[in-house]
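Numbering (this note's numbering), first residue to last: 1 to 277.
What follows is a single structure, written as structure tokens, with notes after it.
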Amino acid sequence: MSEDRTTPESAPVRPSGVPSASSHTERDTRARVARLILEHGPVTASTLGERMGLTPAAIRRHLDALLAEGMIEVRKARTPQTRRGRGRPAKWFAITDAGRNAFVHAYDDLAGSALRFLAETAGDHAVAEFARRQIADLERRYRPVVQDAPPQQRVRTLAEALSGDGYAAAAGKAPQPGGGEQLCQHHCPVAHVAAEFPQLCEAETEAFSRLLGTPVQRLATIAHGDGICTTHVSPRSLCGTEAADGPAASVAPGGDAGERSPEQTLISDEESGRTSL
1 MSEDRTTPES APVRPSGVPS ASSHTERDTR ARVARLILEH GPVTASTLGE RMGLTPAAIR
61 RHLDALLAEG MIEVRKARTP QTRRGRGRPA KWFAITDAGR NAFVHAYDDL AGSALRFLAE
121 TAGDHAVAEF ARRQIADLER RYRPVVQDAP PQQRVRTLAE ALSGDGYAAA AGKAPQPGGG
181 EQLCQHHCPV AHVAAEFPQL CEAETEAFSR LLGTPVQRLA TIAHGDGICT THVSPRSLCG
241 TEAADGPAAS VAPGGDAGER SPEQTLISDE ESGRTSL
């Protein structure tokens with residue numbers, strides 16, 4: 001509280017253009033506020049203040065600055081709120097696309113640099129293997145959930161699991177005459193990196209096929225400029241898995257002889273005229 005009581009006589013002399021330690025602290029605190037809104041928003045100012053241990057005046061100062069920068073926006077309450085006494089209803093603050101991109105690009109720059117170095121030193125095949133290993137953890141986590149679901153509900157179950165990881169996914173009947181289902185992802189955490197390294201999308205598509213036990217085809221991707229990542233899921237009856245009603249075929253490098261490897265999945269897709277892009 002003493003930072004606002006510093007007198008001109010006691011203030012240290014600082015060269016022009018050199019930021020003070022307090023300005024660094026302000027920026028760091030503001031970044032923490034923005035991150036909290038990103039991870040838990042929409043959220044009220046009082047909730048933010050409680051979680052960060054800031055006074056109402058301090059949290060309002062940071063929120064006003066973030067609003068002015070276009071990093072956050074005010075949202076209406078999703079459901080009517082019970083008003084406590086007199087006064088205006090509480091405001092809810094949510095991250096904007098610009099605010100989200102500010103966080104995303106910081107990670108994208110590092111990830112992009114790392115993958116470019118890997119491609120230059122070890123080749124594109126190393127990038128593909130890295131992508132498969134990255135998606136392997138997601139596949140391991142999703143497999144029990146997806147396989148425990150009835151076959152006709154597995155695409156929807158996969159969509160729910162993806163949404164839990166921030167992909168904002170949904171499932172529904174495919175509009176194509178051939179039938180099947182459609183898996184849509186409205187958000188992609190690695191879209192900017194995948195635009196340069198499509199191996200990330202390919203590895204994800206392969207994992208979907210193994211989890212669902214049926215061929216899939218990527219129709220559109222956010223990384224390529226489309227608004228949504230859209231994946232067509234072939235009917236299980238077309239690949240003879242409907243009657244089995246067993247767990248979806250899973251593939252892992254070095255797996256059992258009865259499992260398909262990622263390489264086998266790619267060969268199968270090529271022979272059938274499907275693509276993973």
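Backbone N, C-alpha and C define an ideal beta-carbon position, used for all residues, glycine too.
Residue i versus residue j: straight-line alpha-carbon distance, rounded
i    : j    : result
A174 : E181 : 4 Å
E50  : P144 : 38 Å
R132 : A31  : 33 Å
R83  : I135 : For R83, the pLDDT reaches just 49, beneath the cut-off of 50, and the residue's location in the model is therefore unreliable, leaving the point undetermined.
A159 : D148 : 14 Å
G172 : H186 : 14 Å
T214 : P177 : 18 Å
V216 : R236 : 10 Å
T157 : A98  : 31 Å
D137 : F130 : 12 Å
G255 : A114 : Here G255 scores only 34 on pLDDT, less than 50, and its place in the model should not be relied on; the value that follows carries that caveat. Those two C-alpha atoms are separated by around 28 Å.
G53  : T121 : 47 Å
G41  : K76  : 12 Å
Range covered by the beta strand (DSSP E) that runs through residue i
i    : result
H187 : Note, H187: premise wrong, no beta strand (DSSP E); not H, not E.
H224 : Where H224 is concerned, there is no enclosing beta strand (DSSP E), given that its DSSP letter is neither H nor E.
Cβ neighbour criterion (16 or more within 10 Å) applied to residue i
i    : result
L110 : exposed
D108 : buried
A203 : buried
S209 : buried
H62  : buried
R35  : exposed
A57  : exposed
R116 : exposed
First through last residue of the alpha helix (DSSP H) which encompasses residue i
i    : result
F197 : Careful: F197 lies outside any alpha helix (DSSP H) and carries neither H nor E.
A68  : P56 to A68
G164 : R154 to G164
A171 : No alpha helix (DSSP H) holds A171; the beta strand (DSSP E) holding it covers A169 to K173.
Any non-hydrogen atom of the ligand ATP closer than 6 Å to residue i Cβ
i    : result
Q152 : The ligand ATP is absent from the structure shown, which contains no ligands of any kind.
Presumed contact (8 Å Cβ cut-off) between residue i and residue j, rounded CB distance
i    : j    : result
A168 : A194 : Contact flag wrong, Cβ pair sits at about 16 Å.
V146 : V233 : At roughly 12 Å, the Cβ-Cβ gap does not stay under 8 Å, so V146 and V233 are not in contact.
A94  : E69  : With 8 Å as the limit, A94 and E69 do not qualify as a contact, their Cβ atoms being about 14 Å apart.
V43  : W92  : 7 Å
P189 : G166 : 6 Å
Paired residues, beta bridge with residue i - DSSP
i    : result
H232 : Q182 and Q217
R75  : W92
G53  : Answer by DSSP bridge pairing: none, since G53 is not bridged.
V43  : F93
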